[in-house]
Ligand code: AMP
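Numbering (the numbering used here), first residue to last: 5 to 496.
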């Protein structure tokens with residue numbers, strides 16, 4: 005090999021060794037300081053799932069790519085442009101899932117859930133992948149949670165889906181969310197509507213973007229929600245789906261609106277809303293949040309998909325569902341300063357000095373943890389002072405100190421951080437003693453809280469009494485003033 009080539013190879017190798025790895029474009033780490041928001045979000049979703057009787061399902065990240073081609077639609081953006089598609093070493097054509105609904109339906113059919121009592125209610129959450137242009141609030145790996153109900157066609161379920169989403173936003177203290185709503189009909193009314201739409205759009209074809217010119221042939225309905233300015237202008241005057249619904253779709257939509265009125269959820273009827281996916285029928289909806297600058301951000305959306313089960317090889321099964329972007333909800337929580345999840349903090353801190361003590365501490369830690377007592381430690385630290393200051397920082401009630409002498413004697417020093425007092429306790433009695441002290445402290449705290457509440461109540465009654473007295477005094481003044489006035493006027 006020529007010398008120059010050899011040198012270049014060496015340089016490249018050196019460069020590669022020095023390479024500092026970064027996340028791949030569009031991917032990101034969710035760091036520990038963000039986790040309290042995610043924890044809170046997960047807890048709220050879990051609670052709603054339990055309250056509304058939805059069972060959790062975990063679905064694989066990798067699926068047969070045809071599931072989305074057939075289910076979501078080959079012409080949709082998420083399949084035609086954004087899918088992470090690849091061949092495995094075994095030659096299978098697979099993809100990273102871009103959304104959850106087709107996977108839920110696949111699982112429903114694969115595991116014979118169609119014989120279960122209807123509706124089958126399932127919920128999921130996890131990462132989704134779309135090869136889109138990354139920007140604020142749009143990632144290539146993002147998280148969604150979703151709820152799906154299969155086997156029921158009543159509009160009450162559509163309303164309940166919307167109600168659940170709204171309950172979640174409310175629990176997260178995300179305000180200014182608007183519900184956009186439309187009905188896009190079914191196999192009976194859509195063909196004639198499509199004809200009308202195509203003829204309208206064909207007359208204005210030159211004003212449409214390239215994508216919409218193509219959509220005009222493949223899926224004309226999708227022209228309606230194109231974001232290109234020139235297309236939105238054309239679409240604003242286009243025939244509206246709601247004016248061309250068959251009687252079944254009309255009744256379904258009207259009942260949905262009545263249900264929403266009943267549960268007092270306001271909505272904005274948006275004739276251009278079709279959602280980007282092929283499988284929707286009848287109801288489609290989307291939730292938008294407006295930020296301080298007036299920008300709209302989509303938090304989630306969903307609708308009815310009465311033909312998807314059949315399209316994926318199953319029997320006729322009406323279904324409805326929705327999904328929300330968790331990353332966007334977390335961003336919204338941050339901007340609206342929602343309180344986050346606060347994990348319980350350990351009340352006991354385990355401090356140790358020396359190698360033998362470290363070994364004993366490892367065992368004591370496990371025993372305490374096994375009995376349900378949360379313990380903090382910093383086994384890496386050798387310095388007692390820094391360990392004690394750590395214990396202070398986390399506001400530990402009890403510190404257990406195992407030094408070299410204690411380790412040899414089989415004891416530990418129990419330091420009560422409230423009173424400052426300390427005692428040496430044999431290790432085999434330590435759990436019992438810690439429990440006893442924690443119980444005593446908890447009782448004391450309860451007593452203090454009770455006393456404070458009683459004091460507050462006393463103060464409140466005193467204040468109310470004062471207020472009543474003051475009011476009475478004022479009334480007397482008013483009355484005397486009135487009677488004086490009366491007397492004066494009578495004298496006159
Ligand atoms: P969709 O079903 O495509 O409307 O997605 C439902 C929700 O997922 C959207 O309203 C967004 O909140 C969220 N979402 C979709 N795509 C992305 C993305 N690339 N990055 C972050 N969130 C997304």
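Just so you know, even glycine gets a beta-carbon here, dropped at the ideal spot from N, CA and C.
Contacting residues, own chain, Cβ-Cβ under 8 Å from residue i (five flanking each side not counted)
{"i": "residue 442", "result": "351, 352, 377, 401 and 402"}
{"i": "residue 315", "result": "74, 75 and 283"}
{"i": "residue 224", "result": "198, 201, 202 and 205"}
{"i": "residue 66", "result": "98, 99, 100 and 101"}
{"i": "residue 82", "result": "72, 76, 102, 103, 134, 280 and 281"}
{"i": "residue 234", "result": "211, 212 and 213"}
{"i": "residue 362", "result": "356 and 383"}
Backbone CA spacing between residue i and residue j [nearest angstrom]
{"i": "residue 497", "j": "residue 24", "result": "Nothing about residue 497 can be read from this structure; the chain reaches only from 5 to 496."}
{"i": "residue 385", "j": "residue 394", "result": "10 Å"}
{"i": "residue 317", "j": "residue 346", "result": "46 Å"}
{"i": "residue 247", "j": "residue 191", "result": "16 Å"}
{"i": "residue 358", "j": "residue 366", "result": "12 Å"}
{"i": "residue 264", "j": "residue 163", "result": "6 Å"}
{"i": "residue 281", "j": "residue 449", "result": "56 Å"}
{"i": "residue 54", "j": "residue 71", "result": "29 Å"}
{"i": "residue 337", "j": "residue 149", "result": "16 Å"}
{"i": "residue 285", "j": "residue 298", "result": "31 Å"}
{"i": "residue 498", "j": "residue 364", "result": "Outside the shown range of the chain, which is 5 to 496, sits residue 498, and nothing can be said about it."}
{"i": "residue 270", "j": "residue 184", "result": "9 Å"}
{"i": "residue 413", "j": "residue 422", "result": "26 Å"}
{"i": "residue 435", "j": "residue 372", "result": "6 Å"}
{"i": "residue 212", "j": "residue 186", "result": "23 Å"}
{"i": "residue 457", "j": "residue 143", "result": "49 Å"}
{"i": "residue 454", "j": "residue 468", "result": "21 Å"}
{"i": "residue 301", "j": "residue 343", "result": "21 Å"}
{"i": "residue 255", "j": "residue 319", "result": "24 Å"}
{"i": "residue 46", "j": "residue 147", "result": "11 Å"}
{"i": "residue 230", "j": "residue 216", "result": "7 Å"}
{"i": "residue 399", "j": "residue 387", "result": "19 Å"}
{"i": "residue 410", "j": "residue 13", "result": "60 Å"}
{"i": "residue 380", "j": "residue 451", "result": "26 Å"}
{"i": "residue 311", "j": "residue 182", "result": "28 Å"}
{"i": "residue 1", "j": "residue 331", "result": "In this structure the chain extends from 5 to 496, so residue 1 is not present and cannot be described."}
{"i": "residue 447", "j": "residue 466", "result": "28 Å"}
{"i": "residue 424", "j": "residue 478", "result": "54 Å"}
{"i": "residue 113", "j": "residue 307", "result": "20 Å"}
Contacts around residue i, its chain only, beta-carbon distance under 7 Å, and the 5 residues preceding and following it disregarded
{"i": "residue 335", "result": "141"}
{"i": "residue 4", "result": "Nothing about residue 4 can be reported from this structure: the residues present for the chain run from 5 to 496 only."}
{"i": "residue 172", "result": "48, 49 and 52"}
{"i": "residue 169", "result": "291, 304, 326 and 328"}
{"i": "residue 126", "result": "58, 59, 61, 108 and 152"}
{"i": "residue 111", "result": "61 and 63"}
{"i": "residue 167", "result": "267 and 269"}
{"i": "residue 91", "result": "97"}
Where the beta strand (DSSP E) containing residue i begins and where it ends
{"i": "residue 133", "result": "124-133"}
{"i": "residue 100", "result": "97-100"}
{"i": "residue 293", "result": "285-294"}
{"i": "residue 68", "result": "66-68"}
{"i": "residue 415", "result": "415-420"}
{"i": "residue 428", "result": "426-430"}
{"i": "residue 25", "result": "Run containing residue 25: none; DSSP gives neither H nor E here."}
Host alpha helix (DSSP H) of residue i (start-end)
{"i": "residue 256", "result": "251-266"}
{"i": "residue 106", "result": "105-114"}
{"i": "residue 359", "result": "359-374"}
{"i": "residue 236", "result": "233-239"}
{"i": "residue 58", "result": "Per DSSP, residue 58 belongs to no alpha helix (DSSP H) and is neither H nor E."}
{"i": "residue 391", "result": "388-397"}
{"i": "residue 403", "result": "Segment 402-406 is the beta strand (DSSP E) holding residue 403; no alpha helix (DSSP H) there."}
{"i": "residue 73", "result": "Looking at the DSSP string, residue 73 is not in any alpha helix (DSSP H), and its letter there is neither H nor E."}
Sequence-distant residues of its chain with Cβ nearer than 6 Å to residue i (five each side left out)
{"i": "residue 313", "result": "109 and 321"}
{"i": "residue 79", "result": "222 and 223"}
{"i": "residue 259", "result": "159"}
{"i": "residue 250", "result": "192 and 193"}
{"i": "residue 208", "result": "238"}
{"i": "residue 497", "result": "This structure leaves residue 497 out entirely; the chain is present only between 5 and 496."}
Beta-bridge partners of residue i, as assigned by DSSP
{"i": "residue 300", "result": "294"}
{"i": "residue 183", "result": "291"}
{"i": "residue 447", "result": "DSSP output for residue 447 lists no bridge partner at all."}
{"i": "residue 1", "result": "Since the displayed the chain opens at 5 and closes at 496, residue 1 lies outside it and no answer follows."}
{"i": "residue 380", "result": "353"}
{"i": "residue 89", "result": "99"}
{"i": "residue 142", "result": "139"}
{"i": "residue 148", "result": "130 and 329"}
{"i": "residue 308", "result": "285 and 324"}
{"i": "residue 457", "result": "DSSP output for residue 457 lists no bridge partner at all."}
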